[in-house]
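Put into structure tokens, the structure is as follows:
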């Protein structure tokens with residue numbers, strides 16, 4: 004009798020998500036170009052290289068996380084939203100990889116071991132998805 | 004000739020919003036009942052007193068803001084979401100007042116001077132509303 008193989012997990016339908024990048028963040032007061040803007044531009048270039056089509060990069064003026072610049076947030080319909088801080092422009096590839104993994108979930112909950120190191124360390128807060136939350140009393 | 008009175012601002016249609024309360028937050032390791040749970044229960048009692056019907060209080064397990072307990076977040080359709088930290092159960096009335104003011108906006112942006120002091124000091128992060136953001140390229 005052939006041993007039963009564990010069934011493959013159902014494929015997760017990917018979906019479009021937003022990666023908000025705070026373009027007003029700065030790492031020092033005398034920056035000619037703010038680090039947040041550099042991070043945004045580096046992310047856009049990385050996205051073009053990797054063709055991460057399920058992630059929309061959205062420049063945003065202030066995520067109110069000024070003490071832990073640079074900051075980004077990910078959000079998408081039906082998903083938990085996350086805010087991350089303590090990031091730098093040279094981490095664009097890792098951030099984009101994390102956002103793509105987030106886009107591949109249906110609820111925004113990426114298993115801990117699959118999160119890039121910088122996002123594990125840099126999590127600032129998360130917010131439940133609206134649809135699921137409003138079902139509660 | 005009668006002087007022209009400045010026209011009254013258009014009334015803002017209030018809407019239902021969610022007030023997420025982290026019930027796993029604690030202010031010390033040896034709490035019999037976690038401060039986050041106490042904050043939740045105090046908020047529910049305050050809501051009953053004030054009849055703040057536009058605010059739905061949602062107990063939530065971890066807003067990933069553990070270093071700044073207690074934590075709450077507000078979110079609603081079409082609104083910026085906010086996360087707040089450094090709160091305590093005895094501040095339930097002020098928190099609820101802030102959430103009600105938030106519910107009275109259409110975009111989640113409460114003028115700075117109208118925000119309760121504890122929410123001005125306690126803002127941890129904010130995230131843009133999904134609908135507006137997805138309109139951007």
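Protein chains in written order, with this note's numbering: chain A, 4 to 140; chain U, 4 to 140.
A virtual CB, placed ideally from N, CA and C, is assigned to each residue, including glycine.
So, is the C-beta of residue 80/A closer than 8 Å to a C-beta in chain U?
yes
Mind checking which residues open and close the alpha helix (DSSP H) that includes residue 45/U?
38-53
Inter-stretch contact (C-beta, 8 Å, three-pair minimum) for the stretch 26-42 of chain A and the stretch 89-99 of chain A
yes
Quick check: is the beta carbon of residue 130/A nearer than 8 Å to any beta carbon in chain U?
With 8 Å as the cut-off, residue 130/A counts as an interface residue toward chain U.
Length of the line joining the Cα atoms of residue 120/A and residue 73/U
26 Å
Do we get a CB-CB distance below 8 Å when we pair residue 23/U with the residues of chain A?
yes
Could you name the residues of the stretch 84-113 of chain U whose beta carbon sits closer than 7 Å to any beta carbon of chain A, in the order they occur along the chain?
Residues 84, 86.
As a quick exercise: from 112/U, 123/U, 80/U, 81/U, pick the residue whose alpha carbon is nearest that of residue 97/U.
Selected option, being the one with the closest Cα: 123/U.
Determine the DSSP secondary structure at residue 84/U, reduced to helix, strand or coil.
strand
Is any beta-carbon of chain A found at less than 8 Å from that of residue 75/U?
no
Range of the contiguous beta strand (DSSP E) that encloses residue 22/A:
20-25
Kindly give me the distance between the Cβ atoms of residue 20/A and residue 79/A, rounded to whole angstroms, as I take these residues to be in contact under 8 Å.
About 3 Å; that satisfies the 8 Å criterion.
For residue 92/U, does the three-state DSSP call read helix, strand or coil?
helix
Check residue 118/U in the structure and name its three-state DSSP category.
coil
Since residue 131/U contacts residue 63/A with CB under 8 Å, what's their CB separation in whole angstroms?
6 Å
Considering only their Cβ atoms, is the gap separating residue 67/U from residue 129/A smaller than 8 Å?
yes
What does residue 126/A touch in chain U if you count any residue whose Cβ is under 8 Å from its own?
Going along chain U in sequence order, the residues near residue 126/A (Cβ under 8 Å) are 67.
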